[in-house]
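Residue 1405 is where the sequence shown starts when you use the numbering used here, and the numbers rise one by one after that.
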Amino acid sequence: MNKIVNILATLALLSSPYAVQAATTSTDPIVQGRVAMSDAEKAKKAEVKAARKEYSASKAQAKAELAAEKKENAAKAKAAAAEGKDALVVKRELDAASSASYKAKVKAADEKLGVNKKASKTAMNEKKAEAADKMEKDLKK
């Protein structure tokens, strides 16, 4: 019964606005475990935020490269027209290749983002499990 009361008191403490200040100075294993879990979640959020930033940057770079390639394709199409080839057909073929390259780069960035998210979530779950195990061991003492 005493453990249940301690758990409820700890949960009430964590919901208060002074929870962070109280948790950093507390010797209660439940409070320390909750703080460790919260820290793991914050670390995951920071890692995901960094991964999204990297994703956005790589996608923007790919888009800029696509625009540059399309300008080059227009110049190549004009040169092909001077040689007697159909400029629209040449430009369409070059643009199709450029678009495929862009899509491949975006797909790679998507996959990298997914891998980073999974790695962050796995690390968070491991830290939470460690904190839960530590709380259980400390409560059994």
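Glycine included, every Cβ here is placed at the ideal spot set by N, Cα and C.
Please read these numbers as outputs of a predicted model, since none were measured by experiment.
Residue 1484 is positioned such that its CB atom lies closer than 8 Å to that of residue 1494.
Per DSSP, the unbroken alpha helix (DSSP H) holding residue 1453 starts and ends at 1433-1486. Shown here for residue 1414: same chain residues with a beta carbon closer than 8 Å to its own, the five before and five after excluded, namely 1432, 1434, 1435, 1438 in chain order. Between the alpha carbons of residue 1499 and residue 1482 lies a distance of about 14 Å.
Under the DSSP assignment, residue 1511 falls in the alpha helix (DSSP H) whose first and last residues are 1491-1544. For residue 1530, the closest of 1460, 1443, 1544, 1452 by C-alpha to C-alpha distance is 1443. Per the coordinates, the alpha-carbon of residue 1477 lies some 37 Å from the alpha-carbon of residue 1521. Less than 8 Å divides the Cβ of residue 1525 from the Cβ of residue 1448.
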